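Below: one structure, written as structure tokens.
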Amino acid sequence: MLKGLFIGLFCFLLFLAIHFLVFHFSRNEIKKRFRVIRNIFFAIMPLYVLLYLVIPREILVLIPADPVKTSQFVINLSKFLNFFTGFMFYMFLFMGYGMFYFIIDRSLSIRMMVEFSKAPGERYTFDGLKQVYSPDAVYDRRFRHLVESGCSVESNGYYTNTPKGKILSWIFTVSLKILQAWPGG
């Protein structure tokens with residue numbers, strides 16, 4: 002049964018198209034970009050359910066169930082698994098896209114490589130790179146993102162984790178230790 006997978010793929014491609022249109026043709030600057038991306042993703046979820054219910058079940062079935070030889074329980078379980086598999090496919094495509102988006106949006110290494118490719122002779126010294134890609138600007142942007150996402154608060158120039166930030170910090174600390182990826186960054 003491929004119906005769920007095809008519907009999941011269609012919904013993800015629709016998500017990408019809407020994301021592209023919103024980000025390229027919006028008249029206003031989008032400040033909370035990932036919130037917009039997430040909202041587009043969630044807005045398409047009911048469409049997945051609707052398409053799954055509207056598209057006939059006989060379409061995209063590899064081996065049609067014979068109601069005479071197959072119990073109704075197995076047929077219903079098959080329908081549920083088909084729906085669930087397609088829905089999870091949509092979710093995992095979004096999660097993978099989210100990782101890709103954040104690598105493109107926030108990766109220092111990628112930004113440095115882009116700056117190298119734009120530089121005269123496609124190279125920079127350490128100090129030259131700092132002039133076009135200021136570490137202070139990087140930290141300022143990161144601190145703003147922490148506050149905007151509700152992970153940190155700023156008071157009198159000091160930043161501290163919110164309860165959400167503490168939970169995420171604990172999860173990432175444990176994950177880094179398990180993966181032996183410390184210090185990260």
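Under the working numbering, think of the first position of the sequence shown as 2, with each following residue one higher.
Beta carbons: idealized from backbone N, C-alpha and C, even for Gly.
Note that the structure is predicted; figures quoted are calculated from it, not measured.
Complete alpha helix (DSSP H) runs within the region 93-152 (minimum length 4 residues, chain order) | Considered as a whole, the region 93-152 harbours 109-119, 127-133 and 136-149 as its complete alpha helix (DSSP H) runs of no fewer than 4 residues, in chain order.
Can you list, in chain order, the residues of its chain whose CB lies under 6 angstroms from that of Met-5, leaving out five sequence neighbours each side?
-> Residue identity differs from the one stated: residue 5 is Gly in this sequence, not Met. Taken in chain order, the residues that qualify are Asn-83, Phe-84, Thr-86 and Gly-87.
Within 10 angstroms of its Cβ, does Ile-8 collect 16 or more other Cβ (buried), or is it exposed?
-> Label assigned to Ile-8: buried.
Rounded to whole angstroms, how far is the Cβ of Ser-153 from the Cβ of Thr-161, which I believe are closer than 8 angstroms?
-> Between Thr-161 and Ser-153 the Cβ distance is about 6 angstroms, and since that is below 8 angstroms, they are a contact.
Bounding residues of the beta strand (DSSP E) (the contiguous stretch that carries Thr-161) | Thr-161 -> beta strand (DSSP E) spans 159-162.
Same chain only: Cβ atoms within 8 angstroms of Pro-68, ignoring 5 sequence neighbours per side | Within the same chain, and ignoring the five residues on either side of Pro-68 in sequence, the residues whose Cβ sits closer than 8 angstroms to its Cβ are Ile-76.
Would you say Tyr-140 and Arg-112 are within 8 angstroms of each other, going by their C-beta atoms?
-> No, they are not a contact pair.
Apart from the five residues on each side of it in sequence, which residues of its chain come closer than 8 angstroms, Cβ to Cβ, to Tyr-49?
-> A distance below 8 angstroms between beta-carbons, with the five flanking residues on each side excluded, links Tyr-49 to the following residues of its chain, in chain order: Ile-8, Gly-9, Cys-12, Gly-87, Phe-88 and Tyr-91.
Any idea what DSSP makes of Ser-170, helix, strand or coil?
-> Secondary structure at Ser-170: helix, using DSSP grouped into helix, strand and coil.
Look up Ser-176 in the DSSP assignment and say whether it is helix, strand or coil.
-> Ser-176 falls in the helix class under three-state DSSP.
Coil, strand or helix - Ser-156 by DSSP = Residue state, collapsed to three classes: strand.
Inter-residue spacing [alpha-carbon to alpha-carbon] between Phe-74 and Phe-81 | Whole-angstrom Cα-Cα distance: 10 angstroms.
Run through DSSP, which three-state label would Arg-36 get?
-> Correct three-state label for Arg-36: helix.
Where the alpha helix (DSSP H) through Leu-22 begins and ends = Start and end: 4-26.
Return the Cβ separation of Phe-24 and Ile-31 in integer angstroms, given the expectation that the two are a contact with Cβ distance under 8 angstroms.
-> That pair is a contact at about 7 angstroms.
For Leu-15, I'd like the list of residues in its chain whose CB is within less than 8 angstroms of its CB, leaving aside the five on either flank, ordered along the chain.
-> Hits under 8 angstroms: Ile-45 and Leu-48.
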